[in-house]
Structure formats: structure tokens, C-alpha cells
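To convert a position in the sequence shown, counted from 1, into my numbering, add 162. Here a beta-carbon is modelled for each residue, glycine too, at the ideal position from N, C-alpha and C. Note that the structure is predicted; figures quoted are calculated from it, not measured. Below: the structure, in C-alpha cells.
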Amino acid sequence: MADDNPLTVFVAEKLQTAEAVVELLAKEGLAAELVAPPPKADPEPVLGGADLVTSDAIEVRVADEKQAEKAREVLGTAIARAKLQALHEKRAARTGTVTAACEECGKTSEWPASAMGTTETCPHCTAYMDIPDPDDDWSGVDVGDAEEDDDGDETEEGTK
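Below you can see the structure in the form of C-alpha cells.
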């Protein structure tokens with residue numbers, strides 16, 4: 163956070179965003195205010211005089227330090243919800259079709275592009291199947307070890 167002020171719970175680049183955050187916190191019973199940083203002198207003046215430059219960052223600070231953590235939780239939840247809503251809207255706006263293969267039966271089927279990133283029922287074997295989304299990053303997800311069958315041998319997904 164700006165200047166590591168314990169009262170600062172959010173830093174916005176736009177005034178409208180900062181005002182929306184203050185309003186959201188107020189609805190949760192958390193008093194907050196906007197704090198714009200003081201103007202700074204431009205290190206390289208354009209016309210020989212020191213030009214004042216204002217920072218774009220606008221801090222949102224709570225009035226009581228005891229409410230700072232609660233405010234951060236409220237904002238974290240709201241931001242996550244907004245990102246999820248934006249993702250759903252992006253997926254819903256997709257057009258065309260996508261082909262996906264069922265991991266259970268191996269057969270492929272066509273799906274509307276808006277289904278990318280969802281889990282559907284395979285029309286061939288009725289198993290659940292994932293419709294891949296090229297925007298999803300699974301590189302940091304631990305999918306676990308190969309499954310073992312009843313004899314303790316690894317299944318065909320793993321090596322024997």
C-alpha cells in the first residue's frame with residue numbers, strides 16, 4: 163500500500179474507482195475517505211521552472227485501524243466477484259463452436275464456444291468432461307499422482 167499506512171485499504175488509479183470503493187465500504191458499515199497524494203515537483207522541468215506533477219494514485223483509507231482488515235476482506239471478496247462476473251460475461255459472448263474430447267471414452271463432440279471452461283456431460287458415455295478454455299492457466303495446479311487400481315498397480319494414466 164502507499165506509504166505503508168495501516169489505514170490504507172485500497173489504492174485506485176481513477177477517482178471514480180476510489181469513490182465506488184468508499185461507497186461499497188459504507189454499505190458494509192465501514193467509514194472510509196479518499197486521500198490524494200500531494201503534488202510532486204517534476205525532476206526535469208519543461209520550461210525552466212519546477213512543474214508540479216500529481217500522482218494518479220488515490221488512496222482509500224478507513225477511519226479506524228481496527229476496521230482495516232475487515233475492509234480488506236470486503237474488498238477482496240468484491241474484487242473476486244467482479245473478476246468472476248467479467249469472466250462469465252466474456253465466456254457468454256463467445257461465438258462459434260469448439261471440439262472437446264472426453265477423457266473417459268475418448269470420443270469428441272462439438273460444443274458452443276460459450277461452454278469453454280465448463281464441465282459438461284459427455285453425449286456418448288454420460289461421463290463428466292471438461293471443455294477446455296484457452297484463457298485458463300493450469301500450469302500451477304497440482305493434479306496429484308497417478309491413480310492406483312485395486313491391485314496397487316498404477317492405472318494406464320501413469321507408468322507401470
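Mapping DSSP to helix, strand and coil, what is Ile293? coil
Mapping DSSP to helix, strand and coil, what is Thr257? coil
What would DSSP say about Thr270, mapped onto helix, strand or coil? strand
Does the count of Cβ pairs from the region 225-238 and the region 250-269 closer than 8 Å reach three? no
Hey, quick one: how far does the beta strand (DSSP E) through Leu186 stretch, first residue to last? Where Leu186 is concerned, there is no enclosing beta strand (DSSP E), although the alpha helix (DSSP H) it sits in stretches over 177-189.
Identified DSSP bridge partners for Val197: Glu221
Between the beta-carbon of Ala262 and the beta-carbon of Asp226, is there less than 9 Å? no
If I'm right that Cys325 touches Glu266 with Cβ under 8 Å, what's the distance once you round it to whole angstroms? It is not possible to answer for residue 325, since the shown part of the chain is limited to 163 through 322.
Tell me where the beta strand (DSSP E) around Glu282 begins and ends. 281-283
With burial defined as no fewer than 16 other Cβ atoms inside 10 Å of the residue's Cβ, what is the status of Thr177: buried or exposed? With the sequence shown as reference, residue 177 is identified as Leu, and Thr is not the correct amino acid for it. Leu177 comes out exposed.
Less than 9 Å between the C-beta atoms of Ala248 and Ile220, yes or no? no
Local Cβ density within 10 Å of Leu187, reported as buried at 16 or more and exposed below that: buried
Excluding sequence positions up to five away, which residues of its chain have a Cβ less than 8 Å from the Cβ of Ala193? Leu187, Val224, Ala225, Asp226, Gln229
So who's on the other strand from Thr170, going by DSSP bridges? Arg223
Who are the near neighbours of Cys284 in its chain, counting only those whose CB is closer than 8 Å to its CB and skipping five residues on each side? Cys264, Glu266, Cys267, Lys269, Ser271, Tyr290, Met291
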